[in-house]
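To keep things clear, I will list the structure first and then write my remarks on it.
There are 2 protein chains.
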Amino acid sequence: MKNWKENVRRVVPYVPGEQPKDTNIIKLNTNENPYPPSPFVLKAINSLGNESNRRYPDPTSDKLVKALADFHGVGSDRVFVGVGSDDVLGMIFMTFFNSEKDVLFADVTYSFYPVWCEMLRINYREIPLDDDFKIRKEDYMVENGGIVIANPNAPTGIIMNKNDLIDIIEANSDSIVVVDEAYIDFAREGQSCLDLLDKYDNLIVVRTFSKSRSLAGLRIGYAISSAEIIKLINDVKYSYNSYTMNSLQIEGGSASVSDNDYFRSMIKKVVETRERTTKELEALGFEVLPSSTNFIFAKHNKISGTEIFEYLKDNKIYVRHFNQERIMDYLRITIGTDEEMDSLIRSIKVLLDKKADI
Amino acid sequence: MKNWKENVRRVVPYVPGEQPKDTNIIKLNTNENPYPPSPFVLKAINSLGNESNRRYPDPTSDKLVKALADFHGVGSDRVFVGVGSDDVLGMIFMTFFNSEKDVLFADVTYSFYPVWCEMLRINYREIPLDDDFKIRKEDYMVENGGIVIANPNAPTGIIMNKNDLIDIIEANSDSIVVVDEAYIDFAREGQSCLDLLDKYDNLIVVRTFSKSRSLAGLRIGYAISSAEIIKLINDVKYSYNSYTMNSLQIEGGSASVSDNDYFRSMIKKVVETRERTTKELEALGFEVLPSSTNFIFAKHNKISGTEIFEYLKDNKIYVRHFNQERIMDYLRITIGTDEEMDSLIRSIKVLLDKKADI
């Protein structure tokens, strides 16, 4: 073996949900929004000329940072933007998780957290959710090198009691607590941790444009925290790649933030479809966890997760199935349009009828 | 001090060349191409609809990878694409530079190399160029944890003798040798290392769309190597961010690669302007290093680099000046349009006249 092979960073990469090239598929497997982004976005992108392609983009993404800062009522020095929340979280892990102690997160949560830890040689411990798939706050009141909580959690869809979350943040003033709010826009108001930022200097809130803003394709995520913490993340970012965001992302993202009425109305539609679909699935014998997101996590009382997953896939409906012990029988189903959910329900009914015949 | 502050990855970030927002500036400081990209690029970007914004992009960037593979006559499994060559190089450093031994590169070269090493805790040694700012191959025939050579080098613009480079690659079969060919398209043909890839399994060639393809704004870079090496880089990439490239980059980049005639003709224009500008600067008392790039590295025989830099900046002409010992008196001047270079020469003449009067 060549010596260079001894020094390779060997990793087991994250496997994202399938992105089939067949467009004739009902795609409920990667939590994309079924509705298009604000029409302002495409207009902003198409109004950019070649000059913005030829020149380096603004390395500080000022326009987008300012739009987000204004939207959330914080200073521009408190916002960090990156290539999707994955880039933002990756940078946060690199910047802050350099202790010998374990970083803590749930056993059932966004499956990228352990992947970053493995890749970046960060010690970590996965803490089992309780039997109702909820986070027990006491589990996070132990020595640690950092805490990451997806809230609402994925793939469960469950949101934490805010006071419990506050207790975790307070008990860990010596640690960075990252709250990954990728799905928070689909939750009831007042659940976000953003209003806690002024009180706790160890808190970082992470958001994405991929779900509620219908912009998975543009790749935009951001973090809000103190100016001090944002500067530390930016320093690492500028030590990796000065120009991560191109002008199309900066302009398109800013246009999305400017169109709040559209944003709210699309979220409302998704939430309504979620509530209706939940009832229909329950009527068909599914147990559906209470969702504060744009997906539902459900298992049938008779048929295995694998079987439903395969059946739906054969019928060109893609949902997400995790081959992981505790959640083998669950499916994570993205909320699509009403028509897409009708197709899903119809397909499941056919399967149930077939099984009843046997 | 809060404990979390003890575990912060503290870095001294790379400082990119200024990106002034004032559009009334002749910008010769970041090696952008003065000519627009192929018209196919904007057409491709503007033909994308909202569906490509709403959905996650293709995580493997198949279309762009295939376009580059075909362009260079290699298999698709031998091409890695990233968010500019900075992302590509950063991933390569993370993937392969994990030895205790020093990674080697020149003292005067792309200033991001030591920044990545500091950030990623990689041991490294900067090896002085010789008195003519050239790489001495013997210096790289010592124990090392990897080698990085910008060829042509920046900010000197000088290209290595290819046989010397081959000797380095051959002498280091136990190390990964990265040849950063960001500027190679402006060099004479036959100088690239791409044709060595089939012979040496320790070689990685890195390229960018930011210079010769006039697409600094889109953020596209790539690496070509063996299928084995590309897979290892991809594994690390998928452990950091599955979706780094958005559809606009994938489509715009592919469109650029498809328009080879345009590409060649723009390069020809830049090279002609470079040769003419070199002669004019020499006539004004500058020593100009032999450039194989889209910039020239020059120092005046009487006036300091800082003085010329400041004077030009006051006159709204931005060039690059490095506050670094050996190259303090040099300026790195990007080749702009003929009109821009005429303005530069005129401005320098005024300064020289002023100095002569004193």
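Sequence lines, in order, name chains V and P. 1 is the number of the first residue of the first sequence in my numbering; add one for each residue after it. 1001 is the number of the first residue of the second sequence in my numbering; add one for each residue after it. Where a beta carbon is used, it is the ideal one built from N, C-alpha and C, also for glycine.
7 angstroms or more divides the Cβ of V/V177 from the Cβ of V/N144.
In the DSSP assignment, P/R1207 falls within the beta strand (DSSP E) that extends over 1203-1208.
Taking 7 angstroms as the cut-off, the Cβ atoms of P/S1247 and P/K1063 do not count as close. From the beta-carbon of P/N1241, the residues of chain V found nearer than 8 angstroms are V83, G84, D86, D87, G90. Each of V/P39, V/G217, V/G221, V/L104 was checked against the Cα of V/Y262, and the nearest Cα belongs to V/P39.
Interface flag for P/Y1124 against chain V is unset, since no Cβ pair is found closer than 7 angstroms. Inside the segment 1004-1092 of chain P, DSSP marks whole beta strand (DSSP E) runs of 3 or more residues at positions 1026-1028, 1079-1082, from first to last along the chain. Not one beta carbon of chain P lies nearer than 7 angstroms to the beta carbon of V/E325. In the displayed model, P/G1305 falls within a helix according to three-state DSSP. Bridge partners of V/R326 according to DSSP: none are assigned. Distance from the CA of P/F1093 to the CA of P/Y1238, rounded to the nearest whole angstrom, comes to 15 angstroms. Only residues of its own chain outside the window of five on either side were considered, and among them D1102 have a CB closer than 6 angstroms to the CB of P/N1123, listed in chain order. Here V/L352 is actually not in contact with V/A298; their C-beta atoms are around 14 angstroms apart, not less than 8 angstroms.
Taking all protein chains in view, the Cβ of P/T1306 is surrounded by fewer than 16 other Cβ atoms within 10 Å, so the residue is classified as exposed. P/Y1200 and P/N1172 have their C-alpha atoms spaced approximately 10 angstroms apart.
Between V/K162 and V/N294, the C-beta gap is not smaller than 7 angstroms, which leaves the two residues out of contact.
Using beta-carbon distances, V/V177 does not count as an interface residue toward chain P, since no partner is under 7 angstroms.
Taking 7 angstroms as the threshold, the shortest C-beta distance from P/V1008 to chain V falls below it. In this structure P/R1055 touches V/G217 by the C-beta definition: roughly 5 angstroms separates them, less than 8 angstroms. When Cβ pairs closer than 8 angstroms are counted between the two stretches, the segment 1176-1190 of chain P is seen to touch the segment 1136-1151 of chain P, the count reaching three or more. Look at the segment 1155-1229 of chain P and you find these whole runs of alpha helix (DSSP H), each 4 residues long or longer: 1162-1171. A check of alpha carbon separations from V/D139 across V/F105, V/P155, V/R188, V/L120 identifies V/F105 as the nearest. Counting only residues of its own chain and dropping the five nearest sequence neighbours on each side, V/H72 has a CB closer than 7 angstroms to the CB of L194, I224. One alpha carbon belongs to V/N29, the other to V/Y110, and they sit about 14 angstroms apart. Assignment of P/V1142 by DSSP, reduced to helix, strand and coil, places it in the coil class. Within its own chain, the residues whose Cβ lies closer than 6 angstroms to the Cβ of P/D1107, once the five positions on either side in sequence are excluded, are E1126, P1128, listed in chain order. Within the same chain, Y1243, M1245, N1246, S1247, I1250 come within 7 angstroms of P/P1057 by CB-CB distance, once the 5 residues on both sides are set aside. Cβ proximity to chain P below 7 angstroms picks out L232, D235, V236, Y238, S239, Y240, N241, S242, Y243, T244, N246, S247, L248 from the segment 220-248 of chain V.
The secondary-structure analysis by DSSP pairs V/L331 across a beta bridge with V/A298.
A direct Cα-Cα distance of roughly 6 angstroms separates V/G82 from V/I220. Excluding five sequence positions before and after V/N153, the CB atoms of its chain that fall closer than 6 angstroms to its own CB belong to T109, given in chain order. The shortest C-alpha to C-alpha distance from P/K1302 to any of P/P1155, P/S1291, P/N1315, P/L1284 is the one to P/L1284. In this structure, DSSP gives P/R1276 a helical state, which the three-state scheme calls helix.
The C-beta separation of P/L1048 from P/V1206 comes to about 27 angstroms, leaving the pair out of contact by the 8 angstroms criterion.
Apart from sequence neighbours up to five positions away, the residues of its chain that approach P/C1117 with a beta-carbon distance below 6 angstroms are Y1124, ordered along the chain.
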